[in-house]
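Written below as structure tokens is the structure these notes are about.
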Amino acid sequence: MSSKRYTDEFKIEAVRQVPDRGFKVAEVAQRLGVTTHSLYA
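Here the sequence shown stands for residues 5 to 45, numbered as in our numbering.
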């Protein structure tokens, strides 16, 4: 079973879109092609 790992920088930039651009976490995850869990982890 392989698991993708995302850099801290990637996650910070992705999550920053929530307050800065008003997106929901689920919207950001979908746009980036990742799971919502990967943004919280």
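Every residue gets a Cβ at the ideal spot worked out from N, C-alpha and C, and that includes glycine.
Original post:
Is DSSP giving R35 helix, strand or coil here?
Top reply: Locating residue 35 in the sequence shown gives position 31, where the first residue counts as 1. Under the three-state reduction of DSSP output, R35 falls in the helix class.
**OP:** State the CB to CB distance for the pair T40 and V29, rounded to an integer number of angstroms; the pair is presumed to be in contact (CB under 8 Å).
**Re:** As a position in the sequence shown, residue 40 is number 36, starting the count at 1. As a position in the sequence shown, residue 29 is number 25, starting the count at 1. So it is a contact: roughly 5 Å between Cβ atoms.
**OP:** Just mark A45 as buried or exposed, buried being the case when its beta carbon has 16 or more other beta carbons within 10 Å.
**Re:** By one-based count along the sequence shown, residue 45 stands at place 41. Classification of A45: exposed, given that the 10 Å Cβ count is below 16.
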